[in-house]
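See below for the structure under consideration.
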């Protein structure tokens, strides 16, 4: 088995995840530039994202730094990003009432309007007539 770090998402796992592959699978994935071998020892990559870039890519700040990468952000930046993601969203503002909405005009029947003829040919009274 060969230890490798994902350079592309694979099987639902994000970039930077460490996995083990057989020689054939590793060779095939390496040819597609999807993995790279993990160097001997516990060497972390230093070319990873900052916490701001990591969050902008859609990941949760509490999972920073990605597996196999050293942190490129200060602990203060990481804790601020975690607090920002965990904060409740601000309440939505109340919609403003349109001008004149407080004064509703009363329904006035037009008594001078002619009777409305319906499809059967009979006349009906206009709205508001008794």
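Numbering (my numbering), first residue to last: 466 to 595. All C-beta atoms, glycine included, are put in the ideal place defined by N, C-alpha and C.
Next on the checklist: Once the 5 residues before and after residue 547 are set aside, which same chain residues still bring their CB inside 7 Å of it?
Outcome noted: 526 and 527
Next on the checklist: Buried or exposed, going by whether 16 or more other CB atoms sit within 10 Å of the CB of residue 514?
Outcome noted: buried
Checklist entry - For residue 584, which residues does DSSP report across the bridge? => result In the DSSP output, where bridge partners are listed per residue, residue 584 has none listed.
Checklist entry - What are the complete beta strand (DSSP E) segments, minimum 3 residues, inside the region 510-581? => result none
Item to check | Close Cβ partners of residue 478 (< 8 Å) along its chain, the five nearest in sequence each way excluded | outcome: 471 and 484
Next on the checklist: Measuring only the C-alpha atoms, how far is residue 551 from residue 469?
Outcome noted: 33 Å
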